[in-house]
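The letter at position 12 of the sequence shown is residue 25 when you use the numbering used here, and the numbering goes up by one with no holes. Here's the structure we're looking at; comments come further down.
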Amino acid sequence: MTSTPRPRAFAPLRLLATELSAGLGPVLVLLLLWQVAYLALPTNQFLRGPLQALGYLRTPESLSSLGTALVSTFMLLTLGYVIAILIAIGLAAAVTSHPAVSRAITPLAVALGVMPVIVITPLVIMLVGRGPATTVSVCVLITFFSCFVNLTAGMRSASRGALDLTRVLGGRAWRTLLWVRLPSAVPGLISASKLALPASLSGVILTEYIATGEGIGTFINLARANFRYTEMWAGILVIVLLSVLAYTILGLLEIWLTERYGADGTRATRPAAEAAR
Numbered sequence: 014m015t016s017t018p019r020p021r022a023f024a025p026l027r028l029l030a031t032e033l034s035a036g037l038g039p040v041l042v043l044l045l046l047w048q049v050a051y052l053a054l055p056t057n058q059f060l061r062g063p064l065q066a067l068g069y070l071r072t073p074e075s076l077s078s079l080g081t082a083l084v085s086t087f088m089l090l091t092l093g094y095v096i097a098i099l100i101a102i103g104l105a106a107a108v109t110s111h112p113a114v115s116r117a118i119t120p121l122a123v124a125l126g127v128m129p130v131i132v133i134t135p136l137v138i139m140l141v142g143r144g145p146a147t148t149v150s151v152c153v154l155i156t157f158f159s160c161f162v163n164l165t166a167g168m169r170s171a172s173r174g175a176l177d178l179t180r181v182l183g184g185r186a187w188r189t190l191l192w193v194r195l196p197s198a199v200p201g202l203i204s205a206s207k208l209a210l211p212a213s214l215s216g217v218i219l220t221e222y223i224a225t226g227e228g229i230g231t232f233i234n235l236a237r238a239n240f241r242y243t244e245m246w247a248g249i250l251v252i253v254l255l256s257v258l259a260y261t262i263l264g265l266l267e268i269w270l271t272e273r274y275g276a277d278g279t280r281a282t283r284p285a286a287e288a289a290r
């Protein structure tokens, strides 16, 4: 008697350890080189080593100041990500359903995708002004392109059989999008979000640095301007470590979605009869 193989269980702790070790390994090497450079250049008044930067975090006041800045930055980063994904879903659905729309939207999306952060930020400041809306807008513009491209490709790669069956059974267009096309694009969306994270975070920090007066970018800028270099390097160190953690979490989500839905999202497609109800 042959038994049907059971699907592999998702082991979050094991995968978290694997992803963290893969992500933190190179970071630890860089931190070691950083500390060696600091020890080799003892007369440099600007440089601080990672151990000295961590020493700044020993007091509650320092932790509170840095924590407030980090919360502000990551809240705006998260909001920008959510808005970018929602816009990308809407436009990808329009492009997939109406090919004529693609000719109008795709060139604009490509133009946004190739613009460097250092160009986008001043333009947004001139259009939106200085404040949290500027930071969110920069994050949206940076994140949107990769999400839009991957969502469009994923929706177009939906199972042809499921699409045909849905159409035969009289399923409405919005149900086809919700139950067939969108699930096929989910793994690609998470992958795009992970790849966009470094550029999006850099854009948010740069915007805070030059425009908003809030967040970790301003924290680093004020520390530099007031010659508090240990504080400045502490901010840089913490943002690097948190970026690796965020990247790892997105990587875990990507692995889980791939195991659950398949690399191309085909296993995410619910029965076409469900879409036709």
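Ideal placement from N, C-alpha and C gives every residue a C-beta, glycine not left out.
For the putative contact between leucine 291 and isoleucine 118, defined by C-beta atoms under 8 Å, what is the C-beta separation to the nearest angstrom? The first residue shown for the chain is 14 and the last is 290, placing residue 291 beyond what the model contains.
Limits of the unbroken alpha helix (DSSP H) element including alanine 224: On the sequence shown, position 211 is the one that residue 224 refers to. No alpha helix (DSSP H) contains alanine 224, which DSSP labels as neither H nor E.
Excluding the 5 residues flanking glycine 248 on each side, which residues of the same chain have their C-beta closer than 8 Å to its C-beta? Along the sequence shown, one-based indexing puts residue 248 at 235. Non-local beta-carbon contacts of glycine 248 in its own chain, meaning distances under 8 Å to residues more than five positions away in sequence, involve Leu79, Ala82, Ile229, Phe232, Ile233 and Ala236 in chain order.
DSSP three-state call for methionine 128: helix, strand or coil? Walking along the sequence shown from the start, residue 128 turns up at place 115. When DSSP states are grouped into helix, strand and coil, methionine 128 belongs to the coil group.
For proline 55, report the span of its alpha helix (DSSP H) as first-last. For the purposes of this step, residue 55 is identified with residue 42 of the sequence shown, where counting begins at 1. Here proline 55 belongs to no alpha helix (DSSP H), and DSSP marks it neither H nor E.
Local Cβ density within 10 Å of valine 131, reported as buried at 16 or more and exposed below that: What you label residue 131 is simply residue 118 of the sequence shown in a count that begins at 1. The sequence given here has isoleucine at residue 131, not valine. Only exposed fits isoleucine 131, as fewer than 16 other CB atoms lie within 10 angstroms of its CB.
Span of the alpha helix (DSSP H) holding glycine 93? Start at 1 with the first residue of the sequence shown, and residue 93 comes out as number 80. Annotation for glycine 93: the continuous alpha helix (DSSP H) segment containing it runs 73-110.
Within a Cβ cutoff of 6 Å, which residues of the same chain sit near glutamate 244, ignoring the five residues on either side of it in sequence? The sequence position of residue 244 within the sequence shown is 231, counting from 1. Cβ neighbours of glutamate 244 beyond the five flanking positions: Tyr69 and Ala236.
Could you give the first and the last residue of the continuous alpha helix (DSSP H) run that contains phenylalanine 158? Start at 1 with the first residue of the sequence shown, and residue 158 comes out as number 145. For phenylalanine 158, the enclosing alpha helix (DSSP H) has its first and last residue at 145-169.
How would you write the range of the alpha helix (DSSP H) that leucine 67 sits in, first residue to last? Locating residue 67 in the sequence shown gives position 54, where the first residue counts as 1. Residue range 63-68 is occupied by the alpha helix (DSSP H) that includes leucine 67.
For leucine 44, collect the residues of the same chain with a Cβ closer than 7 Å to its Cβ; drop the 5 residues on either side in sequence, then sort them by chain order. Here the question's residue 44 lines up with position 31 in the sequence shown. Within the same chain, leucine 44 has close Cβ partners Pro63.
Compare the beta carbon distance of threonine 148 and threonine 91 with 7 Å and say whether it is the shorter of the two. Within the sequence shown, the letter at position 135 stands for residue 148. Within the sequence shown, the letter at position 78 stands for residue 91. No, they are not a contact pair.
Reference alanine 35; option with closest CA among Asn239, Leu265, Leu270 and Ala166: As a first step, residue 35 is located in the sequence shown; it is residue number 22 there, counting from the start. Closest in C-alpha terms to alanine 35, from the list Asn239, Leu265, Leu270 and Ala166, comes Leu265.
Report yes or no: do the segment 123-137 and the segment 150-170 share at least 3 C-beta pairs separated by less than 8 Å? Contact holds between the segment 123-137 and the segment 150-170, because three or more Cβ pairs, one in each stretch, are under 8 Å apart.
Would valine 251 be called buried (16 or more neighbouring beta carbons within 10 Å of its own) or exposed? Translated into positions along the sequence shown, residue 251 becomes position 238. Residue environment for valine 251: buried (at least 16 other C-beta atoms within 10 angstroms of its C-beta).
Under a Cβ-count criterion, where at least 16 other Cβ atoms within 10 Å of its own Cβ denotes burial, should asparagine 163 be classed as buried or exposed? What you label residue 163 is simply residue 150 of the sequence shown in a count that begins at 1. Within a 10 Å sphere around the beta-carbon of asparagine 163 sit 16 or more other beta-carbons, which makes this residue buried.
Suppose contacts are defined by Cβ-Cβ distances below 7 Å. Is serine 159 in contact with alanine 224 by that definition? One-based indexing of the sequence shown puts residue 159 at position 146. One-based indexing of the sequence shown puts residue 224 at position 211. No.
Within the same chain, show all residues whose beta-carbon is closer than 7 Å to that of leucine 104, passing over the 5 residues directly before and after it, in chain order. The residue you call residue 104 lines up with position 91 of the sequence shown. Taken in chain order, the residues that qualify are Ile118 and Phe161.
Same chain only: Cβ atoms within 8 Å of isoleucine 218, ignoring 5 sequence neighbours per side: By one-based count along the sequence shown, residue 218 stands at place 205. The residues are Thr86, Gly228, Ile229, Gly230, Ile233 and Ile252.
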